Amino acid sequence: MIFVAPWLLAGLAALPLVWWLLRVTPPAPKSESFPAIRFLLGLNATEETPARTPWWLMALRLLTAALAIVALARPVLDAGTALTGKGPVLLVLDNGWAAADGWVRRTDAAGALLDRVERANRKAALLLTAQDGSGAPIRVSATMPVADLRARLVALQPQPWPSDRDASADAIAGWHDRQGASALYVPDGLTDGDGIDRFANAMRSVGPVTEVCCDIASATLLLPPVSEADRLIARVALVPRAVAAHVGVLAQSGDGRTLARTEIAIPAGAGEASGPILLPPELRNRLTRLVLEGPPGAGSVVLLDERWRRRPVGLLSGDLATADTPFTGSIYFLKRALQPFTELRQGDAATLLKRDISVLILADRPLTAGPERDALQAWVRKGGLLIRFAGPRTAEAAANDTDTMLPVKLLAGDRQLGGAMSWSKPVGLAPFAAGSPFAGLAVPAEVKVTRQVLAEPAADLASRTTAALEDGTPLVTEVPDGAGRVVLFHVTANADWSSLPMSGLFVDMLRRLVDLSVGVASPPGSSMLAPVETMDGFGTLGQPPPAAVGLRADTFASTPVSPHHPPGLYGPENGRQVLNLAARIAEPQAAPPIAGATLETSRGSSRERALGAPLLALAFVLLCVDMVLSLGLRGLLRSRVAAMVALLLLTTTASRALEASPSPATDTRLGYIVSGDSTVDNIAKAGLEGLSEFVNRRTAATLFEPDAVTPGETDLSLYPLLYWPIAADAPDLTPAQIAALNDYMSRGGIVLIDTRDSGSGAGFAPGTEEALQRIGRALNIPPLAPLTSEHVLARSFYLLSDFPGRFTGGTVWVQRDQDRANDSVSPAIVGGNDWAAAWAIGPDGDNPYAVLPGGQRQRLLAYRFGLNLVMYALTGNYKGDQVHVPAILQRLGQ
Amino acid sequence: MTQTPADTLAAEALGARLPPLLVAAGRVASTVAQGVHGRRRVGQGDSFWQFRRFVTGDPLSRIDWRQSAKSGRDAPDGWFIRETEWEAAQTVCLWRDASASMRWRSRGVPVEKRDRANLLLLSLASLLLRGGERIIMMQEDARPVTNRSGLERLAAVLDSGFGTDGLPGNVRLPRHGTAVLFSDFLTPLDDIQALIAGFAAVPVTGYLMQILDPAETDLPYRGRVRFRGLESEREAMIPRVESVRSAYAERLKAHQDSIAAICSAAGFGFGVHRTDHPPETALLTLYQALTAR
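These protein sequence lines map, in sequence, to chains A and B.
As numbered in the numbering used here, the first sequence has no gaps in its residue numbers, which increase by one up to the final residue, 919.
As numbered in the numbering used here, the second sequence has no gaps in its residue numbers, which increase by one up to the final residue, 767.
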């Protein structure tokens, strides 16, 4: 502990003077009115009056004075060591994506450093190593007093792109205010590129460096997942650590629900790890993002777009009997090529078109006039993608002019290249033109075409050709038809006519084609996609920063994120593409501490605590006590004054409204059944406190502090309503507990059973429904029916139509109306909306648990449902007549 | 009897305030046995006293014909006159002090001295009226009250600033009447002497009831206290009240003894009542003192 103004402690020397003054000055006399004063006049006491201040009062006053003096000397607890140097201080703060994890600790550490700078009466300048959203170049701020800088520090946010070491080094080199300067560095722990050495040298050139180091784990980066046949492989990259760890990855849909969660085990020393996310294709196509559990950050969110969606693809062969024959069947290669990234379906055309399907592939199946062609034509015009492969049958049909669903008109017969009786040689593929959907794919030299169908030359043949052979004859042609398109491969889908199906190119070409499907016309590569929503440093989507500009569609794969291209969603609604931070970022590498720097832990530089204000407050409290005592000594402390003072003191200390009362028999209160999981129990307690306060505020009912109850031990009959959160690992009920609960419910008690796992919160508490089934089997719960707005519970105080808690949408179950036992009051209400979490209030009166999908309205409705529930428990079916009002009115009308 | 609307309104307002006081007075009075009636002689009255033979000169209207018929003798020997007991009412003058010193109570005592004085006065009046006496308030031009319905009028008088000017002045009192005064009698002895002397000259006898707060008799304060009087006396700064308690008690005792001596010399009675004691005892004392006269 140090004193900022130690000379003020000299005031302590004046304390004996205070003591002497207090001794000399007697306390003021009490004042009394008295009618018989006539007899008192002239009466003089024979003994001398000891009109002294009592010693304890004197001690109290001396203590007050001493406290005030010490407080004014401004003591500081946990003061850090003084910084070296005398001149300005350069505070360098990494605010790239990796700093989002532990951002508060980083800024706190920076604030603690600034405290020491301020105490030394030095000025400071700030350098942020990542550009801000305006795209302005990195610069050192003006040197300013610490108070001004602190205001800026509070407003800082991490950025969703990496720190720029080279630019930062340049900025430091351009800072000239170096007379006696020293540098403070709060790093994010990553190299963030190659310039770290230059950066470190630039820092050292400023002066002595103090680095907050080594006790904040560097961030984990979530990489874009890899699509596999039936799963997504989530991947994380991180600085290798000495101990094994686990991270959870949540797969979320657009409305914020978590559809799946996977745990990735990170072995010790590994820099990358992965884990599968298993989901049925329909659900998987609804995923919009993967989120790393833990502190939010741009590095722990990966946005998903169409590229990760699996599309249903139908396969239809001309020769059904031999279609699947290994190596020679017409769809054998197609199946293997498409399996990893699509959902394959087989069957006849009518069956396939019954379900939604994105792509239909016909392997050498001519489409002659008939119902099948009409159905396919209608489907294509609505947006389907029809891929056709040529073959002997197609060639024959083309010769007869009976197949018209082709991009180009075919010449009769086919063209043979190479072979024993031919001079010509098999032909390879020409590189793909820029406008082709296959643009950018490498053409392997070993792909040769030996036989193909030929297109009839026409004016628009070139524009319809998307892939051609070296000699210029079309290999793949396509034509839009309505909202969809028809693509023709001029070769077969097996290896009879070419070696294309056996090459990796075949897979890539099919993938490109499938990506075009579902009406998602791939934006032309040259089109600019404007940023729609971009992430901030904490991974939250929002308005793009001012510097954000559009991005060419074909450069998404090669563009690193920057203020101009922040990670986020780009392009129009139907062709949205995502730019992910992790897609174009170097492997995270741990940055070594700057050589020669003084290292400090962020905990060591924990915020200094100034004791002046608390001491002064204590002195003030003692002064109040002294005033009360003096009033008492002078007889002025009437009961009313005392009550006022006591009230004043009480209001400052006890602001909580709910009273604790030892006896549940005399006061109404809610109870929750102890689930055994302390987290769940704490939420239940906080929730019932919040609900009780809400009920006290809104109604004439007075509820006291809720109780934890254990069936079989606590007397349940004293509680009108029991809240029972189910934990997944809840132990089975003992016979005594079952008997107690059954007895409670049969005598009019109400139990609200909450699995905390339904509606928008499905998956939050896995296993609770099974636990409820396991536990609840022995309970006498009557037949249940869904709770509707016609039920008394929906009208016992507020008129409600849904019953959300923290989650919404889950069905709530109550006793069927037909049961007349207990006056139709349902003994059990079963749901999974996690009501307690919605009702819960923290110690400072806020709501610690966010509602899903969110909004104050949902919170209010949750409270209203709770209030209705309490009213229902307290008044039974009293409001039940309200339900019958329409019927009664109708009867009266007759 | 004509009354202005304002008078009526005031009476109503008074009536609204009065009942608890009257009821309390009636309750206290009813606990004391009543019957200060007859003069044990023949005279004007309602109750039967004796039959006597008719003598010439008696008015015929006073003959009790039933008794005469029962005697069976001839007239005028058999005629009987019905005589009633003489019930002459005594006039009692009442006064109570309402000065500032009476409007005081110490901490922990529920009533002020003046309220207790009012209660005693009204309950004594109730008692006297039930006994058929005449009550007159000790002030100029006071009208006597003879029946119980006049109790409200007494209350109105009490409420109208009666007795706020210290001891009663020169009021003409009925001779051979009885005077009852309620006060704390913390006035100088000379004033009391002059007052009693004035009464004795009329002549009037009666009773002085000193009403004191327990704090005035016990002086329960402690420590350093500055005492302020209620009637613009000087202040008294007592450094240590405990030490003067006995001296104070002696002074008070001497004062009371002096009043008692003055009273007994003029045929007056003197009693002390503390406001923390029940009012019934004081009323009984008064009752006995008045009946013994």
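Note that CB positions come from ideal geometry on N, CA and C, so glycine has one too.
This structure is a prediction, so every number in the text was calculated from the model and none was measured.
For Gly-112 (chain A), the CB contacts under 6 Å within the same chain, skipping 5 residues up- and downstream, are Gln-204, Gly-205, Ala-206 in chain order. Assigned with DSSP and collapsed to three states, Met-611 (chain B) falls in strand. Residues of chain A with a Cβ closer than 7 Å to the Cβ of Leu-660 (chain B) are, in chain order, Pro-60, Ala-61, Arg-63.
B:Glu-754 is the residue among B:Thr-765, B:Ala-763, B:Glu-754 whose C-alpha sits nearest the C-alpha of Arg-590 (chain B).
Fully contained in the region 635 to 693 of chain B are the following alpha helix (DSSP H) runs of length 4 or more, in chain order: 663 to 675, 688 to 692.
The region 742 to 749 of chain A makes contact with the region 772 to 783 of chain A, as at least three CB pairs between them are under 8 Å.
Remark: C-beta atoms of Leu-257 (chain A) and Pro-250 (chain A) approach each other more closely than 7 Å. At a cut-off of 7 Å between C-beta atoms, Pro-54 (chain A) counts as an interface residue with respect to chain B. For Asp-589 (chain B), the three-state secondary structure derived from DSSP is helix. For Leu-442 (chain A), the CB contacts under 6 Å within the same chain, skipping 5 residues up- and downstream, are Ser-449, Pro-451, Val-452, Thr-475 in chain order. Boundaries for Phe-890 (chain A): no beta strand (DSSP E) harbours it, while the alpha helix (DSSP H) harbouring it runs 881 to 900, taken from the DSSP string.
Per the C-alpha coordinates, the member of A:Asp-561, A:Trp-81, A:Leu-728 positioned closest to Arg-48 (chain A) is A:Trp-81. The alpha-carbon separation between Pro-571 (chain A) and Ser-587 (chain A) amounts to approximately 12 Å.
Contact check for Arg-335 (chain A) against Arg-309 (chain A) passes: the beta carbons are separated by less than 7 Å.
Ser-851 (chain A) is classed as buried because its beta carbon has at least 16 other beta carbons within 10 Å across all chains shown.
Residue ranges of uninterrupted beta strand (DSSP E) with 3 or more members, entirely inside the region 585 to 618 of chain A and ordered along the chain, are 593 to 595, 602 to 604. Met-683 (chain B) counts as buried, since no fewer than 16 other beta carbons sit within 10 angstroms of its beta carbon.
Gly-509 (chain A) and Val-478 (chain A) have their C-alpha atoms spaced approximately 23 Å apart.
Beta-carbon to beta-carbon, Gly-593 (chain A) and Pro-618 (chain A) are separated by about 34 Å, too far to satisfy the 8 Å threshold.
Put simply, the region 137 to 156 of chain A does not touch the region 341 to 352 of chain A. Fewer than three CB pairs are less than 8 Å apart. Ranked by Cα distance from Trp-45 (chain A), the options A:Gly-36, A:Trp-32, A:Ile-27, A:Met-83 are led by A:Met-83. Against chain B, a Cβ distance below 8 Å from Glu-57 (chain A) picks out Tyr-695, Val-699, Arg-700, Phe-701, Arg-702. Judged by pairs of C-beta atoms under 8 Å, the region 256 to 276 of chain A does not touch the region 762 to 771 of chain A, as fewer than three such pairs exist. For Glu-586 (chain B), the nearest beta carbon of chain A is not closer than 7 Å to its own beta carbon. For Ile-289 (chain A), DSSP records a beta bridge to A:Val-272.
Within the same chain, Gly-36, Leu-37 come within 6 Å of Ile-94 (chain A) by CB-CB distance, once the 5 residues on both sides are set aside. Within the same chain, and ignoring the five residues on either side of Val-631 (chain B) in sequence, the residues whose Cβ sits closer than 7 Å to its Cβ are Met-611. With a threshold of 16 other beta carbon atoms within 10 Å, Leu-66 (chain A) falls short and is exposed. For Val-654 (chain B), no Cβ of chain A is located within less than 7 Å of the residue's own Cβ. Under the criterion of beta carbons closer than 8 Å, Ala-293 (chain A) and Val-268 (chain A) qualify as touching, at roughly 6 Å. A residue is called buried once 16 or more other Cβ atoms fall within 10 Å of its Cβ, and Ser-355 (chain A) is buried on that count. Under the 10 Å beta carbon count, Val-237 (chain A) is surrounded by 16 or more other beta carbons and is classified as buried.
Going by beta carbons, Ala-711 (chain A) and Ala-810 (chain A) fall outside the 7 Å limit. In the DSSP assignment, no residue is bridged to Leu-138 (chain A). Counting only the Cα atoms, His-515 (chain A) lies some 12 Å from Asp-521 (chain A). Taking a cut-off of 8 Å for Cβ pairs, the region 868 to 876 of chain A and the region 794 to 802 of chain A do not touch, as fewer than three such pairs fall below it.
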